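The listed protein sequences correspond, in order, to chains A and B.
So the first sequence is residues 7 to 263, counted in the working numbering.
So the second sequence is residues 11 to 183, counted in the working numbering.
One structure below.
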Amino acid sequence: MNCEEAEDLLGAWALDALTDDERGEMAAHLRSCARHAAAAADWRATAARLAATADVVAPPPALRSRVLQAIAATPQDGVARPVLAGAIPRAGDQQRRRPPPVAAARRRFFELRPAAWAAVAAVLVAAVIGLGAWNAVLQRRSGADVGRLATRASSVSALRMNGTQNAGVVVYYANEKKALIVTDGLPALNAATQTYQLWAISGGRARSLGLLPAPVGGSSVAVVPFDAGSAQRIAVTVEPPGGSAQPTTPPVLVADV
Amino acid sequence: MQQGDQEAVALLYERYGGAAYGLAYRITSDGSAAEDVVQDAFVSLWKQAPRFDPERGQVRSWLMTIVHHRAIDAVRRRKGRNERALPEGPEEFVATRGRPEELAEWTLEAEAVREAVRQVPDEQRRTIEMAYFEGLTHVEIAERMAVPLGTVKSRLRIGLEKMRAYLRPRVVE
């Protein structure tokens with residue numbers, strides 16, 4: 007296979023849509039052609055992102071215990087160091103963590119446009135300082151890391167619980183008329199009887215923004231359509247399963263956007 | 011065996027189990043097969059966890075790659091076709107730490123990718139989806155769509171390029 011033929015097949019390669027013979031020929035070409043090897047990896051990374059377009063579907067409840075039982079019964083390959091253990095913060099993690107190398111930094115998903123993100127990150131930092139767990143995030147991570155969430159953002163606001171307690175952030179994207187809502191320390195509800203619902207509040211009127219996914223470890227994330235030109239506040243209430251047409255309980259979380 | 015790792019996988023399941031199951035179900039259209047795929051994927055993740063380089067990627071990316079591959083293989087097995095080896099090792103990806111901002115990134119990424127797919131013309135998008143979600147080769151797609159093989163190659167290449175172009179300003183490559 008020559009370079010021209012490989013170029014022609016990049017899309018099919020990335021999507022693993024080549025025949026067995028073609029796949030072998032392409033693999034051989036990529037081993038000898040640095041240019042196409044790099045391009046193929048890039049294209050395959052794009053193809054892999056298609057996974058995100060599948061709907062999230064709640065698995066049957068029994069699957070969780072099946073998975074965990076299978077894991078408990080399965081030895082790990084040549085255990086050297088428990089990298090995944092980083093998912094559970096441990097004492098001393100901050101000291102052990104190495105600064106990310108340039109190559110890793112370049113993999114960050116959201117582009118950090120120097121002029122734009124620096125200003126936005128400053129807003130985010132200002133909003134986040136004092137936000138409890140988010141403050142801890144800031145302390146253990148660089149401004150650039152935090153800025154990833156603020157790229158393209160127009161404003162960042164604190165989510166308040168019970169009027170004062172900080173419980174997450176709302177990142178607003180004016181150009182896209184969307185808001186990213188990240189909660190922290192939100193209590194779990196009995197899903198059979200209750201759910202969290204998001205609202206856009208304007209002049210005392212509430213418009214539903216949909217249900218907030220059940221928090222895991224206190225954290226929940228939602229992206230909702232929101233226009234700060236027509237509403238100035240986002241609120242979260244506890245409602246019956248499926249949500250309500252209008253809030254039926256006082257807000258547990260509020261953010262002024 | 012590391013107790014911390016088991017807790018970490020449990021947390022990953024809480025965070026990404028729905029996405030993994032959703033992808034597996036979309037591909038297999040079979041709840042039982044999707045469950046097997048998800049279990050297999052998490053066990054693979056668990057077995058290979060010690061090999062992850064925390065500085066080099068996202069464990070969710072690797073998880074979803076495994077889910078996709080296993081699900082396509084399940085469909086191919088049903089059709090009596092050969093399974094394939096996983097295309098890349100986990101060293102290409104990095105472990106997650108399961109923090110809220112990481113979940114937020116995943117949510118934003120899903121939004122961006124869906125928008126990128128919407129930018130792709132219908133015929134190209136349908137061709138890409140037949141390859142990704144149905145596991146068809148470009149030869150099979152050409153037969154199914156009754157178009158020349160060259161047309162399928164072009165649709166896959168141009169459609170994917172449109173996605174890349176849309177994501178590029180939002181993605182550091």
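Note that beta-carbon positions come from the ideal geometry of N, C-alpha and C, so glycine has one too.
Predicted model, so just to flag it, every value in this text is computed and none were measured.
When DSSP builds the beta bridges, which residues end up paired with Ile187/A? Val176/A and Ala228/A
Would you please state the rounded distance, in angstroms, between the beta carbons of Tyr176/B and Ala120/B? I believe it to be under 8 Å. About 14 Å; that fails the 8 Å criterion.
Separation of Met140/B from Leu263/A, as counted between CA atoms: Checking the sequence, you will find Val at residue 263/A rather than Leu. Looking at the two C-alpha atoms, the distance is approximately 42 Å.
Short Cβ contact (8 Å threshold) for Asp61/A with Gly32/B: yes
Enclosing beta strand (DSSP E) for Ala204/A [first to last residue]: Per the sequence shown, the amino acid found at residue 204/A is Leu instead of Ala. Taken as a continuous stretch (DSSP letters only), the beta strand (DSSP E) holding Leu204/A covers Thr201 to Ser208.
According to a CB-to-CB cut-off of less than 7 Å, which residues of the stretch 58-70 of chain A neighbour chain B? Ala58, Thr59, Ala60, Asp61, Val62, Val63, Ala64, Pro65, Pro66, Leu69 and Arg70
With three or more C-beta pairs closer than 8 Å as the rule, is the stretch 129-137 of chain B touching the stretch 241-248 of chain A? no
What does a CB cutoff of less than 6 Å around Leu186/A pick up in its chain, not counting 5 residues either side in sequence? Val177 and Val229
Paired residues, beta bridge with Glu245/A - DSSP: Beta bridge pairing from DSSP links Glu245/A with Thr201/A.
Is the beta carbon of Val73/A closer than 8 Å to that of Met167/A? Taking 8 Å as the Cβ cut-off, Met167/A and Val73/A do not qualify as a contacting pair.
Backbone secondary structure at Ala175/B - three-state DSSP: helix
To the nearest angstrom, how far is the alpha carbon of Ser71/B from that of Gly209/A? 43 Å
Are the Cβ atoms of Gly249/A and Leu217/A separated by less than 8 Å? yes
Is there a C-beta anywhere in chain B that falls below 8 Å from the one on Ala20/A? yes
Take Pro193/A as the anchor and find which of Gly174/A, Ala76/A and Ile207/A has the nearest alpha-carbon. Restricting attention to Gly174/A, Ala76/A and Ile207/A, the CA atom closest to the CA of Pro193/A is found in Gly174/A.
Let's test the definition: count the other Cβ atoms within 10 Å of the Cβ of Gln75/A and tell me whether it reaches 16, buried, or not, exposed. exposed
Uninterrupted alpha helix (DSSP H) stretches inside the stretch 112-166 of chain B (no shorter than 4 residues): Counting only runs of 4 or more, we get 132-144 and 148-155.
When the Cα atoms are used, what is the spatial distance from Asn196/A to Ala261/A? 24 Å
Pull out every residue of the stretch 239-251 of chain A whose Cβ sits closer than 8 Å to any Cβ of chain B, in chain order. Under the 8 Å Cβ criterion, the stretch 239-251 of chain A contributes no residue.
Along the chain, where does the alpha helix (DSSP H) containing Leu217/A start, and where does it finish? Careful: Leu217/A lies outside any alpha helix (DSSP H), inside the beta strand (DSSP E) at Arg211 to Leu218.
Give the interface partners of Ser71/B over in chain A, defined as CB-CB distance under 7 Å, in chain order. Simply Ala54.
Going by DSSP, name the residue or residues bridged to Ser161/A. Tyr178/A
How about Leu16/A and Ala46/A: do their beta carbons lie closer than 8 Å? Taking 8 Å as the Cβ cut-off, Leu16/A and Ala46/A qualify as a contacting pair.
For a cutoff of 8 Å on Cβ pairs, would you count Arg87/B as touching chain A? no
Using C-beta distances below 6 Å, list every residue in its chain close to Thr255/A, excluding the 5 sequence neighbours before and after it, in chain order. Thr243 and Val244
So what does DSSP say about Val62/A, is it helix, strand or coil? Coil.
Cutoff 8 Å; reference Ile168/B; Cβ partners in own chain excluding five residues on either side: Gln134
In this structure, what does DSSP give as the bridge partners for Arg239/A? Ile207/A and Asp262/A
Tell me the residue span of the alpha helix (DSSP H) that contains Gly30/A. Residues Asp26 to Ser38.
Which chain A residues sit within Cβ distance under 8 Å of Thr117/B? Going along chain A in sequence order, the residues near Thr117/B (Cβ under 8 Å) are Leu186, Val227, Ala228 and Val229.
At the 8 Å Cβ level, is Arg37/A part of the contact set with chain B, yes or no? no
Which residue wins for smallest C-alpha separation from Thr189/A, given the options Asn172/A, Tyr179/A and Lys183/A? Asn172/A
Going by DSSP, which residues form a beta bridge with Val222/A? Ser225/A
With the cut-off set at 8 Å, would you say Val162/A and Tyr35/B are in Cβ contact? Taking 8 Å as the Cβ cut-off, Val162/A and Tyr35/B do not qualify as a contacting pair.
Quick one, which of Glu24/B, Trp56/B and Ser164/B has its alpha-carbon nearest Glu11/A's? Closest by C-alpha distance to Glu11/A, out of Glu24/B, Trp56/B and Ser164/B, is Ser164/B.
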